[in-house]
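Below you'll find the structure, written out as structure tokens, and then a few comments.
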Amino acid sequence: MSRKRALVVGGSGYLGQHVLQGFSETQFEFDLAFTHHSTPPPQALLTAFPHLLAFHVDLKTGQGFQAISSSFGQPDVVVNCAALSVPRACEVDPAAAMSINVPSSLVQWLLSFEKNSTLLIHLSTDQVYEGVKSFYKEEDETVPVNVYGKSKVAAEQFISENYPNFAILRSSIIFGPQTTSPVPKSLPIQWIDGVLFKGNVVDFFHDEFRCPVYVKDVVSVILALSRKWITEGKQMQLLLNVGGPDRVSRVQMAETVADIRGYNHSLIKSVSASSVDRGVKSPADISMDITKLVQAVGVSPVSFKDGVRLTLASVAKS
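In case it helps, full-length UniProt numbering puts the sequence shown at residues 1 to 318.
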């Protein structure tokens, strides 16, 4: 089989780097490229994966895609990890959220190739749901409560109306080990571990529920979908919840870290999400049913506890 090409849009971010690593380790031979917005691309990433091609792309204007066409060619798979994903930042600048999170320039570029023979795997979010019940299914109505969720719903609609070959993954909080080139944003489990390690009492919400998913499981889903497209060649129009199997509150997340590390539970102060103004509305319960994911892709995400254990095993305590 001839070598296939995979392009990771937003490849210098947290999930993007893990996806590049996954593609570089899979038994399928992939030529790999990624786009980045910040310049220059992280040197540690290029050093770790010397065969990577890096392209500077502006998703708002589409500037940079032409360079990919000429020096890399049409990709077989595009994984879109690029997003303005901090809900508060989206709230402050809705126009930027829409222009970055709705991948119109990316889709237009993919449509410029003669055959629609590229699979677009697009990362969406659990924040498309309203958050008023447990275990949302893919066919449930999307009623986002903030600009971030609204921009992601708009993206899903745009892709499904304009592009024939896609898989949209509604991911929950993604957690796991730090990346090859460390990302500046704080990682959820490492953050909890860090504050409890210091022995300070910290507030955690007892009434906000998610299904956090281990990063390597998200990568497994992306690789499985890529393999399916390359081996079967059947266009897909898939929408999948990608969460872990456990519905947990922020308090339960912290307690899991405390149990594994041996921290005292008295450091975890249980408070209501309504007691804090975060400058953005946050859905209360957007836990997801992942039956369809397991059936369609054959990936069963690890439990929250096992994912946390794997994450903490990668953190050296100073």
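Note that beta-carbon positions come from the ideal geometry of N, C-alpha and C, so glycine has one too.
On a predicted model such as this, the values are computed, not experimentally measured, just so you know.
- Listed in chain order, the alpha helix (DSSP H) elements of length 4 or more contained wholly in the segment 95 to 175 are 104 to 111 and 147 to 162.
- Inter-residue distance for residue 224 and residue 208 is about 31 Å (C-alpha atoms, whole angstroms).
- Note that the C-beta distance between residue 76 and residue 4 is below 8 Å.
- Of the candidates 310, 302, 280 and 220, the residue whose Cα lies closest to the Cα of residue 91 is 280.
- Taken through DSSP and simplified to helix, strand or coil, residue 32 comes out as strand.
- DSSP places residue 14 in the helix class (H, G or I) of the three-state scheme.
- Straight through space, the alpha carbons of residue 221 and residue 289 are spaced by roughly 16 Å.
- Excluding its 5 nearest sequence neighbours in each direction, residue 147 has C-beta neighbours in its own chain below 7 Å: 90, 91, 94 and 97, listed in chain order.
- Along the length of the segment 192 to 256, whole alpha helix (DSSP H) runs at least 4 residues long occupy 215 to 232, reported in chain order.
- Residue environment: residue 118 is assigned as buried (16 or more neighbouring CB atoms within 10 Å of its CB, all protein chains considered).
- Pairing residue 165 with residue 306, the inter-Cα distance amounts to about 34 Å.
- Using a Cβ distance threshold of 8 Å, residue 20 and residue 181 do not count as a contacting pair.
- Judged by DSSP secondary structure, residue 270 falls within the beta strand (DSSP E) whose first and last residues are 268 to 271.
- As a beta-bridge residue in DSSP terms, residue 285 pairs with 132 and 209.
- Residue 306 sits in a helix when the DSSP states are folded into three classes.
- When rounded, the separation of the alpha-carbon atoms in residue 131 and residue 172 is 13 Å.
- Here DSSP, grouped into helix, strand and coil, assigns residue 258 to helix.
- Shortest Cα-Cα distance from residue 30 to any of 12, 49, 39 and 14 involves 49.
- Residue 190 and residue 142 have their C-alpha atoms roughly 31 Å apart.
- Around residue 10, the same chain offers 16, 81 and 82 as residues with beta carbons nearer than 6 Å, after the five sequence neighbours per side are excluded.
- Proximity to residue 198 across 47, 112, 304 and 267 peaks at 267, based on C-alpha coordinates.
- Taking C-beta atoms as the reference points, residue 124 and residue 170 count as a pair closer than 8 Å.
- A residue is called buried when at least 16 other Cβ atoms come within 10 angstroms of its Cβ; residue 107 meets this threshold and is buried.
- DSSP, reduced to helix, strand and coil, places residue 89 within a helical segment of the structure shown.
- Just so you know, the alpha carbons of residue 286 and residue 157 end up roughly 20 Å apart.
- Counting along the chain, the unbroken alpha helix (DSSP H) around residue 65 starts and ends at 65 to 71.
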